[in-house]
Structure formats: C-alpha cells, structure tokens
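Read top to bottom, the protein sequences are chains E and A. Just so you know, the working numbering puts 108 at position 105 of the first sequence, and the rest follows in order with no gaps. Just so you know, the working numbering puts 235 at position 230 of the second sequence, and the rest follows in order with no gaps. Before any comments, here is the structure.
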Amino acid sequence: MNNKKQGNSFLKRNALSLIVAVILVAVYLGLHFWIAGFEIGGTRYKLNNYYTLNLYLMGMNIILAVSLNLVCGITGQLALGHAGFMAVGAYLSAILTVKFGMPFIVAILAAGLAAAIMGFLIGLPTLRLKGDYLAIATLGMAEIIRVLLINIDYVGGASGFSPIPKLTNWTWIFVATVGTVLFAKNFINSTYGRACISIREDEIAAETMGINSTRYKTLAFCLGAFFAGVAGALYAHNFYIIQPNVFNFFKSFEYLVMVVLGGLGSITGSILAASGLTIVNVGLQKVPEVRMILYSIVLIAVMLFRPGGIMGRKELSFSSFKSKKERGKERGTSGN
Amino acid sequence: MEIFIQQLINGIALGSIYALIALGYTMVYGIIKLINFAHGDIYMVGAFVAFFMISIFDMPFSIALLVAMAACALLGMIIERVAYKPLRNQDRLTALITAIGVSFFLEYTMIYLVKPDPRAFPASFQLHNFHIGNIVISSKDLIIFAISLGLMLLLTYVVNRTKTGKSMRAVSYDSEAAQLMGIDVNKTISATFALGSALAAAAGVLVGMYYGQIEPLMGIMPGLKAFIAAVIGGIGIIPGAAFGGLILGVTESLVSGAGYSMLRDAVAFIILIIILIVKPTGLMGKNVKEKV
C-alpha cells in the first residue's frame with residue numbers, strides 16, 4: 004500500500020517535469036518556426052523583426068533580472084553594478100569573436116567567467132560591508148569599468164566597439180534563459196541557497212549557526228555576475244555595436260526595478276516583471292522620459308504599498324493553481 | 006609648482022561644493038540611517054530654481070540663492086514626508102530603493118519639464134581675476150569659498166547652539182530615548198531634511214554660477230561624489246563631510262591637472278573603495294561594535 008503510494012507520487016513528480024519539458028520544447032519550436040517564418044495554406048506567418056528583437060531582449064532581461072535576484076533577493080545584498088558585469092561580458096565576448104575568431108559558445112562562457120572573476124575581485128573585499136555601503140561600492144565598480152572602457156582605444160573608446168557579428172539567435176537566447184532560470188531554481192533549493200537565504204534573514208544569526216557569510220555572499224555575487232556576463236555576450240552579438248555608455252547606472256537601475264517589482268526573492272516574480280516591463284518598454288519606446296518617470300513612480304509605489312513586489316517571496320508553481328482543498332489532500336497523503 | 010597651486014585653488018572651490026552637498030547627506034544619514042540618493046537631484050533642482058528666478062524675474066544673485074534654498078528646503082521636507090516617512094520602520098533596503106526611485110523621478114520629471122539640453126546660467130555679476138604671480142584667482146572662486154564657509158559656520162552654529170540642533174543630535178544618538186524626553190522626532194527629521202536640502206540647493210546655484218551651465222542630469226555625479234566625500238570623512242560626522250569634500254575636490258583637480266581628466270570620476274570611486282576596505286567608518290569615524 005505504502006509502496007504503491009510512493010510509486011504514484013514518483014510518477015506524478017516525473018509527469019510534472021515531463022509536462023514542463025513538453026511545454027518548453029513547444030514554446031521553443033513554436034517561436035523558432037514563427038521567427039523563421041512558415042506557410043500554412045498559402046498564408047505566410049512570420050514574426051516581424053521588431054518583435055523578434057524585443058523577444059530576444061525579453062530573454063536577456065529575464066537572465067539579468069533572475070541573476071540579480073540571486074544577489075538582491077536571495078542573499079539580501081543590494082548590488083547596483085549589474086550593468087558593469089554585463090559590460091565586462093559584452094566586451095570580452097566581442098573581443099574574442101571579432102579579434103580572435105573564437106566560436107560563439109567559447110565567447111559566451113568566457114564572458115560569464117570573466118564577469119564572475121570580476122565579481123569575485125570586487126565582492127571579496129566589499130561584501131564585508133553592510134547594505135548601503137555595498138550598494139555604493141558596486142555602483143562605483145560599474146562606473147570604474149565604464150570609465151575605463153571609454154579610455155581604452157583597443158575597444159573603440161567612447162565611440163564604441165564595432166562591427167560585431169550577429170551571432171545571437173533564438174536558440175541561444177532560449178537555452179541561456181531556461182538554463183539561468185533552472186540553475187537559479189535549483190540553487191535556491193540547494194544547501195548553498197538555503198545558506199544564502201539564512202544570511203538574508205539574519206546575517207548575525209546565520210554566522211552564529213556556523214555559516215561563513217562572506218563565502219556565501221561572494222558565491223551568490225559571482226553567480227549573479229556570471230549570468231550577467233552571459234547576457235552581456237548575447238547582447239553584444241545581437242547588435243552591431245556596443246558602447247560603454249549603454250552600460251551605465253540607468254541600466255543597472257532597470258534590472259533593479261524588475262527584481263523589486265517582481266518580488267525580492269521570487270524567481271517567477273522576476274520572470275514576470277522582466278517580461279512585463281519589456282512589453283511596457285516597447286509601448287513607451289517613443290517617449291523615453293515618460294518611461295523613466297513611470298519606472299520611478301512604479302518603484303516608489305511598490306515600495307510604499309507592497310514592499311514585497313508582485314509575488315513577494317512566493318513562487319508561481321503548478322500546485323498554486325490547484326484549489327486549497329486539493330493541496331490540503333496532497334499534504335495529507337504525503338504526510339502519511 | 007604654479008600649476009600645482011592653481012589646481013589646488015580650483016580643487017578647494019570644487020571641494021567646498023562637494024562639502025556642502027556632503028553635509029546634507031551626512032546629516033540625513035546620521036538621523037535616519039538612509040542614503041538619500043535624491044540629494045544630488047535636490048541640488049539640481051536648486052540650480053534650476055535660481056536659473057528661473059534670475060532669468061525670468063531678473064532677481065539679483067543673492068536673492069535667487071535664498072529663494073532656491075527655501076524652495077529646496079520645502080522640497081526636501083515634502084520628499085521626506087511622502088516617500089521616506091511611511092518606510093521608517095521597514096528594512097533599510099526598502100528605503101534605499103525608494104530613494105533611488107525618488108532620484109530618478111526628480112531627474113526625469115525635470116527632463117520632461119525643461120528638456121534635457123544644457124542651459125546657460127546667466128552671469129549675474131562682474132568677474133574679476135586676481136593675479137598673484139602667475140596664479141589666477143577669480144572672484145568666482147572667492148565667492149564659492151566665502152559662501153560655503155559661511156553656510157558651514159551657520160550650520161555648525163545651528164547644530165551646536167540651537168534647540169533644533171540639540172534635538173537633531175539627540176535623535177541621531179537615540180531616537181527612542183529622544184522621543185521619551187519629549188522631542189518631536191518627526192519635526193526634527195523634517196528640519197534635518199530642510200537644512201540639508203537648503204545646503205544642496207546653495208551648492209547647485211554655486212555650481213551653476215561657476216561653470217555657467219546647468220542640465221537636469223547634473224546632480225548624479227556630484228551627488229555620488231558628495232556621498233564619497235561623506236564616506237571619506239566618516240558618514241554621520243559633520244566636520245568629516247566638510248573635510249572629505251575638500252580632500253575629494255583637491256584630489257580630482259590634481260588628477261585633472263596631471264592630464265588624466267577622463268579618469269577623474271574613476272579615481273573618486275577608487276578612493277571610495279579603498280576607504281571602504283581599509284577604514285569603513287571613514288577617516289574621522291570610530292569603530293562601533295555591532296549590537297545583536
């Protein structure tokens with residue numbers, strides 16, 4: 004009897020993963036063919052270039068928001084230099100593909116690694132600092148990277164680095180986005196993630212329990228930086244040119260808004276907010292000032308009235324769609 | 006040597022402006038432990054208020070300066086009341102993010118209202134250049150120095166000698182105990198914001214006068230630099246902010262004078278990171294044990 008029940012729940016769990024996998028593959032293939040264009044009964048369906056670009060941007064924004072959430076939401080450290088890591092990734096990957104003729108995959112991984120190393124170098128000394136100081140130190144780091152890039156002629160200085168071949172396509176975006184989200188999800192549920200969450204809740208108590216807070220904070224910081232670097236590589240190879248000034252404080256701020264709006268600590272919240280704000284951006288492309296005013300009002304209002312963001316710290320999952328009764332039943336059986 | 010002294014003079018003028026902004030940062034931080042990111046933008050608003058006062062109402066410089074200071078004092082109090090006060094019991098991350106939001110709100114509302122292009126700040130008095138050997142001291146330098154020094158002395162008087170100053174010190178030391186002694190904490194915090202914002206506005210007007218140009222995003226860099234100045238001196242310590250401002254201003258001028266003006270901003274941040282690593286409480290700060 005007991006065995007049978009266990010077997011059932013095992014099947015159930017696998018069925019769930021299978022459903023998720025099928026949905027993901029369907030989304031991938033569907034959009035893949037839509038972007039490439041296909042014909043049914045003489046009518047041609049093709050996602051136009053503008054929407055394709057925004058779909059790519061949505062993917063990158065999800066990567067950046069989720070990775071920033073690992074630092075800000077899960078570990079509770081306010082970092083304001085995410086665009087700096089993105090810049091490191093973008094420039095390094097562009098140098099590798101343009102000047103050294105490396106394949107794209109090498110460039111992406113190297114971009115992530117370089118950003119992670121950068122994160123380690125800046126994180127190790129500054130993560131000893133508490134909240135506000137860390138925010139300023141990371142902001143300063145991103146500014147230093149930007150100013151240095153402006154002054155390096157090898158990568159084009161202030162006028163930017165070009166031409167960069169367009170290597171980013173839907174497959175890369177999809178794989179990187181899904182990979183980031185799956186990684187983040189598994190990270191949160193791992194021992195490391197739990198340690199990070201305990202630091203967020205109370206650093207001193209966590210240290211008393213034997214958690215080396217600097218180590219875990221640095222780890223989260225490096226992982227966040229890694230994915231920002233990957234997103235930077237995708238970004239660089241999607242546009243013809245990259246300029247240092249693109250990766251300024253405002254860029255970091257945009258991702259912070261996504262994370263805060265979605266909910267500090269909620270991966271699904273970040274995904275929802277990143278997708279939603281990308282769509283809003285498309286609508287407000289013609290009036291950039293209004294966009295920023297709206298952004299800041301949203302940020303202030305969210306902080307005042309719903310400091311947890313849309314999702315708080317909750318995750319959206321299949322079980323949250325079930326009725327309360329069913330969930331109760333499930334809990335009852337699993338408890339037996 | 007002459008170039009060095011010349012840069013030193015420029016640095017002191019620049020540094021006294023940083024010091025004025027840093028004083029506001031440090032006072033607000035001392036009293037509610039919040040990095041007021043919007044402080045640099047209050048400085049920008051101050052410059053614009055004076056600009057409109059001079060160019061539309063044809064006011065003399067000194068009156069425009071006072072009007073700008075009063076307007077920004079009011080703005081600072083409103084911001085505190087609307088955005089920061091409801092969050093006083095929330096964690097500091099929430100308040101910090103709100104402050105960033107307020108900062109962007111001020112910047113882009115201003116861009117929306119007055120367009121992003123730089124504007125020429127009207128020159129409101131005759132310029133004199135004083136020559137000492139090959140060194141030039143312009144009357145602008147002297148005005149900046151005199152006004153900043155005067156305001157700093159005034160602030161010292163307010164903080165050390167008046168009742169408001171006394172309650173500010175009490176609230177920053179222990180706000181609950183201060184409340185029990187009958188100090189109106191809300192009023193004191195409002196007064197702190199008003200004072201700090203007025204100083205920032207004065208700095209904004211002086212910068213407008215000094216460089217002859219203002220724009221809606223002019224507050225970002227000086228705002229961050231003033232924060233760095235506050236950290237160098239030890240955040241929450243009033244003389245520390247003035248001292249840090251001068252150090253930063255002089256360093257920057259020397260770096261520019263040595264021919265690395267492009268790296269000026271980076272140098273400021275490098276100083277910040279070094280200070281944070283070596284002595285996080287600032288040059289004038291004391292180590293405080295963390296309470297559990």
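Virtual Cβ for every residue (Gly too), placed ideally from N, Cα, C. For clarity, every value in this text was computed on a predicted model and none was experimentally measured.
Partners in chain E for residue i, counting only beta-carbon separations shorter than 8 Å
i, result
"Y117(A)", "E292, V293, I296"
"M267(A)", "V150, I153, N154"
"M270(A)", "The sequence shown places Asp at residue 270(A), not Met. Per Cβ cutoff of 8 Å: E146, V150."
"F110(A)", "I296, S299, I300, I303"
"I40(A)", "D135, A138, I139"
"I37(A)", "The premise fails here: I37(A) is roughly 12 Å from chain E at the closest Cβ pair, so nothing lies under 8 Å."
"I26(A)", "Within chain E, no residue comes near I26(A); the closest Cβ sits about 15 Å away, beyond 8 Å."
Proximal residues to residue i (C-beta, below 6 Å), its chain only, five neighbours per side dropped
i, result
"N339(E)", "Per-residue confidence for N339(E) stands at a pLDDT of 36, beneath the threshold of 50, marking its modelled position as unreliable; the derived number appears in the next sentence. Excluding residues within five positions, none has a Cβ falling inside 6 Å."
"H35(E)", "W173"
"R124(A)", "I219"
"G266(E)", "G272, G311, G312, I313, M314, G315"
"I282(E)", "none"
"A82(E)", "V74, T141"
"A73(A)", "G51, V54, A55, A206, V210"
"Y48(A)", "I26, A205, A208, G209, G224"
"G250(A)", "G20, Y23, A24, A27, A234"
Beta-ladder partner(s) of residue i, from DSSP
i, result
"V141(A)", "H136(A)"
"Q131(A)", "According to DSSP, Q131(A) bridges with nothing at all."
"F41(E)", "Y48(E)"
"R124(A)", "I219(A)"
"I245(E)", "F164(E)"
Close beta carbons around residue i, own chain, < 8 Å, minus the five adjacent residues each side
i, result
"L253(A)", "G20, Y23, K230, I233, A234, I237, A273, I276"
"I278(A)", "none"
"S60(A)", "P127"
"F9(A)", "L259, G262"
"L156(A)", "L25, L204, A207"
Contacts around residue i, its chain only, beta-carbon distance under 7 Å, and the 5 residues preceding and following it disregarded
i, result
"F110(A)", "none"
"S216(E)", "I202, E206, A209, E210"
"I240(A)", "T31, Y34, G287"
"S144(A)", "L132, H133"
"C225(E)", "A119, G122, F123, G126"
"L95(E)", "A113, A114, A117"
"I152(A)", "A207, L211"
Residue i classed as buried or exposed, judged by whether at least 16 other C-beta atoms fall within 10 angstroms
i, result
"M186(A)", "exposed"
"P166(E)", "exposed"
"L137(E)", "buried"
"T100(E)", "buried"
"A2(E)", "Nothing in the structure corresponds to residue 2(E), since chain E is present only between 4 and 339."
"R149(E)", "buried"
"A304(E)", "exposed"
"L19(E)", "exposed"
"M212(E)", "exposed"
"S299(E)", "buried"
"Y157(E)", "exposed"
"V210(A)", "buried"
"D122(A)", "exposed"
"V87(A)", "exposed"
"I242(A)", "buried"
"G98(E)", "Going by the sequence as given, residue 98(E) is Ile instead of Gly. Buried is the call here."
"S193(E)", "exposed"
"F136(A)", "The sequence shown places His at residue 136(A), rather than the Phe named in the question. Exposed, since its Cβ has fewer than 16 Cβ neighbours within 10 Å."
"V297(A)", "Only weak support exists for where V297(A) lies, its pLDDT of 47 falling under 50; the coordinates are left without a value."
"T167(A)", "exposed"
Residues that residue i contacts on chain E, provided the C-beta gap is smaller than 7 Å
i, result
"T99(A)", "M306, P310"
"P91(A)", "L307"
"I370(A)", "Because chain A spans 6 through 297 in this model, residue 370(A) falls outside it and cannot be assessed."
"L281(A)", "T129, L132, Y136, A140"
Partner residues on chain A for residue i, Cβ-Cβ distance less than 7 Å
i, result
"A138(E)", "L101"
"T171(E)", "The contacting residues do not exist; T171(E) stays about 29 Å from chain A at best."
"G143(E)", "F274, L277, I278"
"V263(E)", "I102"
"L226(E)", "The premise fails here: L226(E) is roughly 20 Å from chain A at the closest Cβ pair, so nothing lies under 7 Å."
Within chain E, the residues that residue i reaches when beta carbons sit closer than 9 Å
i, result
"A88(A)", "I303, M306, L307"
Residue i beta carbon near the ligand FAD (any heavy atom closer than 7 Å)
i, result
"N192(E)", "This structure simply doesn't include the ligand FAD, nor any ligand for that matter."
_Is it the case that the region 83 to 95 of chain E contacts the region 252 to 266 of chain E, given that we only count it when at least three CB pairs across the two stretches are under 8 Å?_
yes
*Cβ contact check for the region 94 to 114 of chain A and the region 289 to 308 of chain E: 3 or more pairs under 8 Å*: yes
*Is it a yes or a no for the region 157 to 166 of chain E touching the region 237 to 246 of chain E, going by three-plus beta-carbon pairs under 8 Å?*
As far as the Cβ criterion goes, the region 157 to 166 of chain E touches the region 237 to 246 of chain E, which means the pair count is three or higher.
*Do the region 87 to 97 of chain A and the region 161 to 179 of chain A meet, that is, are 3 or more Cβ pairs less than 8 Å apart?*
no
*Would you check if the region 218 to 228 of chain E and the region 182 to 199 of chain A touch, i.e. whether three or more CB-CB distances between them fall below 8 Å?*
no
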